[in-house]
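Residue numbers (the numbering used here), protein chains in the order written: chain A, 4 to 239; chain B, 224 to 1013.
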């Protein structure tokens, strides 16, 4: 059975259709889930796509963390379910404290929509499982607030626990330690600024994003080894 | 009073005749905005009628909110171009942002999901700190609004010329797509239906925008850069149109006009788009119409006039964002992110539910009424009535048509500029060549500093994006039936050419647009235009305008294309000086099968560099120096105008049939690649601003590979901008010569790509690294100058 993926839509989210198209191309059954939903039942993974949730007012993700769906996302994550935040989704995950640190304005104070070469630094996350460390991927970025920051202790933990998932080859935005993506302690919650769905076709210039999305869908098939309780919903 | 609102004595007389009585204050305010130049096209209509508007595939022509073209596979494409010049001159960030918001609403009003934007921008020289403030503000405004609302900006144009120093131009094109069955026209119908206002509450922002800002020039007093926009509510004692006379250069400080600029909220717009598309998709609305220039007065009168019905508006029912607003303020406010919807009473609960879900405010503000005469006689016309809250008092009562389409039409005096003949006789052919390498380097500018700030990839459609000759998109989007076809779009202008000869120059602009589409493999389908001109009360400007319209009409007919929409922006002047005539052409085209990326502006080592098209004299390579200068005119070129300050000369007439052969050949070559066939072609780029030299340099800079070429026509061939030329880099030059020969298209081998130097024999010799660095660094270096943010 095709993996069933929830793609969460806040008012102001705008990459939801792109994520659905990319996942569908890989055989997944991806569905839009409105931010007022309180339950995520029967899903194998959850993606928070890019955009400007609630207009990014106050600061990116600051209002979205209060949307009803976020309690369900936290529960899904706590039960070991894979959760991936792309761009604005990453910002929402940090605001919701499902991931540490924060994303601040790019160095240079400009919005940046451009290609980026990223390197897989850890294979332990649900997004990079099975991808050899050192693999280079060409996946575009598209953000104003993409400069990852955290305190020294958090950075030390991220490094020590192998939780830095992706690094930029050429840091475009001033992120600390060239960080493009991180995961939580159990590896099932991942946030990244680059947009894998935008590197999903030769027609668009790169298929490297599919490497990540495939890994996410495959991670579904081999149950994640965590200390967390088993997912409340059966996988297929 | 009427003069303060921008109406002439004759216009007041006409209103009095239409009403059979003196208009009251509210009615006068409504006529003033609707009969402004911006809304009524009163100076341009008589000329615009000469444009061809019918053609195969045209589903909706000019006069609606957007033109609509059949794209095949059950999909229609909606297209519109507009200017937001004056708001951007006063407050660049919000001016440009609200320009984006406005054009998106025009497109989704037709039932189309907005899928792409393009922004042609014109500023003065970036040496001037004020220009840098305007440039960064406009780009930032487009970036912040378009990115957040979720519509990719896939291209545009960037022109720097002293002509725009006091009056920058900010045009924006939007393209959307819809299943053909969802096409709706903004036509009110059904007596008793409800008039619903969707979106933002109405405030005092933007009152009189169409008359104060858009329909008058600038006096020349420069607004203070960086000073804040007065917030909503600061104008508690606002007077109609700010007390400024419109339709003529203002005597007040232009700074005082800043409150006439609206403030945009892309988040509101995003929810409005989703709510309206869902309403249209589910058939819950009879029609929707955006509120743009002239606000509620325009939306109500236009939808009523189109439907041949009347409308009662309960002005007190309009949600407001500030207390104490007078009816005329509510009726003429240009607050952003608002839509009018016509809904049957039965559908209202479902409409309200959709709006609640998307968190969009929806309020019943009126009803559709039967057409009646003022005295109640049955046959009559639809009347737009504004009622008091108790519906007892009629505050305004005017025929909807009178507002929407009965504005006077002026045939304003025209005459060529006094120095026209003298300038034509003064050709830059005799100017000495100078240092061609230095000249070439100073003409290079990579626009990526601009487009990096725009999301240009959303919807996964952008196959060729900004920086390419034209945008090439998959014909796809949420809710559309599947298609393998692609759509291509480009915007083009050439004010330098049009300043020399508006008629021929405008024809050349259309020719260049067709060449741009050919470079991505597309065949043109429909034209939109944004005609930016100076003060129409200057006979020279009206002459330029009339000539440009004729040039466009002739070129459209020659290429078999129809104009499906347009916009006229007059009063682009400051201190009595008009801008150069700047018609901007937007051209939409299609490719049959989109399976691979077009080769783009590049080449590979070992490729032969061939130029297709151009003067036949050159093909024989026997031309003398004198003939060469005729063959490659420098008049209106960047080399002559920007580097030599020479604005004279003559443009040769466009050879439409030769141009059609050339562009058909190139479109076919690239279409084969795009469809997935193997090809020896590895790069394509048309010759336009900056001439062949800039075209070759861009190919070298973008691929990091040099070249060695020889030109027979000297510096005139290098910098002349004769448009019917396209550079092709190929591994099989012989095959290309044969194919071109069979179609009668001139083809000349110039040399070969490769090596680390960019060499044009006897003219230029520079390292590829220096060339690339100059090209990449031009704009970042210009904006990084001290004082960029004053």
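Beta carbons are placed, not taken as given, at the ideal position from N, Cα and C, and that holds for glycine.
Check: To the nearest angstrom, how far is it from the Cα of residue 416 of chain B to the Cα of residue 593 of chain B?
Finding: So the alpha carbons of these two residues sit roughly 11 Å apart.
Next item on the list: May I have the straight-line CA-CA distance separating residue 283 of chain B from residue 289 of chain B, to the nearest angstrom?
Entry: Whole-angstrom Cα-Cα distance: 8 Å.
Next item on the list: Please determine, among A/15, A/138, A/139 and A/176, the residue with the shortest C-alpha to C-alpha distance to residue 149 of chain A.
Entry: The candidate whose alpha carbon is nearest that of residue 149 of chain A is A/176.
Notebook entry, point to check: When we look at the beta-carbon of residue 765 of chain B and count the other beta-carbons within 10 Å, is it buried (16 or more) or exposed?
Noted result: Classification of residue 765 of chain B: buried, given that the 10 Å Cβ count is 16 or more.
Check: Between the beta-carbon of residue 535 of chain B and the beta-carbon of residue 590 of chain B, is there less than 7 Å?
Finding: Result yes, Cβ atoms of residue 535 of chain B and residue 590 of chain B sit closer than 7 Å.
Check: For the candidate residues B/982, B/281 and B/696, whose alpha-carbon lies nearest to that of residue 817 of chain B?
Finding: Nearest C-alpha to residue 817 of chain B: B/696.
Margin query: Taking the alpha carbon of residue 907 of chain B as the reference point, which residue from B/875, B/527, B/826 and B/335 has its own alpha carbon closest?
Written below: Nearest of B/875, B/527, B/826 and B/335 to residue 907 of chain B, Cα basis: B/826.
Check: Hey, is residue 206 of chain A's beta-carbon within less than 7 Å of any beta-carbon in chain B?
Finding: Yes, because at least one Cβ of chain B sits closer than 7 Å to the Cβ of residue 206 of chain A.
Notebook entry, point to check: To which residues does DSSP link residue 980 of chain B through a beta bridge?
Noted result: According to DSSP, residue 980 of chain B shares a beta bridge with B/990.
Margin query: My assumption, with CB atoms under 8 Å, is that residue 272 of chain B sits in contact with residue 751 of chain B. Please give the rounded CB distance.
Written below: Contact doesn't hold; Cβ gap of about 17 Å is too wide.
Notebook entry, point to check: In terms of residues, what are the limits of the alpha helix (DSSP H) holding residue 737 of chain B?
Noted result: For residue 737 of chain B, the uninterrupted alpha helix (DSSP H) segment begins and ends at 725-742.
Checklist line | Contact belief for residue 685 of chain B with residue 830 of chain B at Cβ below 8 Å, rounded distance in angstroms | finding: Incorrect: roughly 26 Å between the Cβ atoms, too far for contact.
Next item on the list: Could you tell me whether the Cβ of residue 373 of chain B comes closer than 7 Å to any Cβ of chain A?
Entry: Residue-level contact check: residue 373 of chain B touches chain A, since one or more beta carbons of chain A fall below 7 Å from its beta carbon.
Margin query: Closest to residue 23 of chain A by C-alpha separation, out of A/6, A/32 and A/46, would be which residue?
Written below: Closest by alpha carbon: A/32.
Note to self: Looking at residue 58 of chain A: is its Cβ nearer than 7 Å to the Cβ of residue 15 of chain A?
What the structure shows: Contact: yes.
Next item on the list: Measure the alpha-carbon distance for residue 813 of chain B versus residue 709 of chain B and round it to whole angstroms.
Entry: Computed Cα separation, rounded: 6 Å.
Notebook entry, point to check: With 7 Å set as the bound, which would you pick, yes or no: does the beta-carbon of residue 494 of chain B sit closer than that to a beta-carbon of chain A?
Noted result: Residue-level contact check: residue 494 of chain B touches chain A, since one or more beta carbons of chain A fall below 7 Å from its beta carbon.
Note to self: Within 10 Å of its beta-carbon, does residue 769 of chain B have 16 or more other beta-carbons around it, so buried, or fewer, so exposed?
What the structure shows: With 16 or more other Cβ atoms inside 10 Å of its own Cβ, residue 769 of chain B counts as buried.
Check: So is residue 897 of chain B in contact with chain A if we call contact Cβ pairs under 7 Å?
Finding: No, residue 897 of chain B does not count as interfacial toward chain A.
Checklist line | Per-residue contacts from residue 66 of chain A into chain B (C-beta, under 8 Å) | finding: None at all; the shortest Cβ gap to chain B is about 10 Å.
Checklist line | Cβ of residue 902 of chain B within 7 Å of any chain A Cβ | finding: So no, residue 902 of chain B is outside the interface.
Check: Can you pull the DSSP bridge partners for residue 37 of chain A?
Finding: The partner list for residue 37 of chain A (beta bridge, DSSP) reads A/12.
Next item on the list: For residue 784 of chain B, name the three-state secondary structure that DSSP assigns.
Entry: Looking at residue 784 of chain B - three-state DSSP - the assignment turns out to be coil, as it is neither helix nor strand.
Notebook entry, point to check: Excluding sequence positions up to five away, which residues of its chain have a Cβ less than 6 Å from the Cβ of residue 450 of chain B?
Noted result: The pLDDT assigned to residue 450 of chain B is 36, lower than 50, so where the model puts this residue is not dependable; a value taken from the coordinates is nonetheless given after this. Cβ neighbours of residue 450 of chain B beyond the five flanking positions: none.
Notebook entry, point to check: Taking Cβ-Cβ distances below 8 Å as the criterion, which residues of the segment 51-75 of chain A are in contact with chain B?
Noted result: So the close ones are 54, 55, 57, 58, 59 and 60.
Notebook entry, point to check: Going by the beta-carbon positions, is the gap between residue 759 of chain B and residue 635 of chain B smaller than 7 Å?
Noted result: Taking the C-beta atoms as reference points, residue 635 of chain B is found nearer than 7 Å to residue 759 of chain B.
Checklist line | the segment 27-48 of chain A: positions lying closer than 9 Å to chain B by Cβ | finding: Here the close residues are 37 and 39.
Checklist line | Touch test, the segment 556-563 of chain B against the segment 652-668 of chain B, Cβ-Cβ under 8 Å, three pairs minimum | finding: No: the two stretches stay apart, fewer than three of their Cβ pairs being nearer than 8 Å.
Next item on the list: Evaluate residue 37 of chain A with the Cβ neighbour count: other Cβ atoms within 10 Å of its Cβ, from every protein chain shown; 16 or more gives buried, anything less gives exposed.
Entry: So residue 37 of chain A counts as exposed.
Next item on the list: Under the assumption that residue 1097 of chain B contacts residue 989 of chain B (Cβ atoms under 8 Å), give the Cβ distance between them as a whole number of angstroms.
Entry: What is shown of chain B runs 224 to 1013, which leaves residue 1097 of chain B out entirely.
Next item on the list: Using the Cα positions of residue 561 of chain B and residue 29 of chain A, report the straight-line distance between them to the nearest angstrom.
Entry: So the two alpha carbons sit approximately 39 Å from each other.
Check: Quick one: Cα of residue 632 of chain B to Cα of residue 234 of chain B, how far?
Finding: The C-alpha of residue 632 of chain B lies about 11 Å from the C-alpha of residue 234 of chain B.
Notebook entry, point to check: Near residue 202 of chain A, which residues of its chain fall below 7 Å by C-beta distance, leaving aside the five closest residues on each side in sequence?
Noted result: Excluding positions up to five away in sequence, the list reads 141, 142, 143, 209, 210, 211 and 212.
Check: Listing by chain order, which chain D residues have their CB less than 8 Å from the CB of residue 200 of chain A?
Finding: The structure shown contains no chain D; its protein chains are A and B.
Note to self: Runs of 3 residues minimum, wholly inside the segment 580-624 of chain B: which ones carry the beta strand (DSSP E) assignment?
What the structure shows: Here the runs fully enclosed are 585-592, 606-610 and 617-622.
Next item on the list: Taking a Cβ distance cut-off of 9 Å, strictly less, list which residues of the segment 6-17 of chain A are near chain B, in chain order.
Entry: Taking 9 Å as the Cβ-Cβ cut-off, the segment 6-17 of chain A approaches chain B at 14, 15, 16 and 17, given in chain order.
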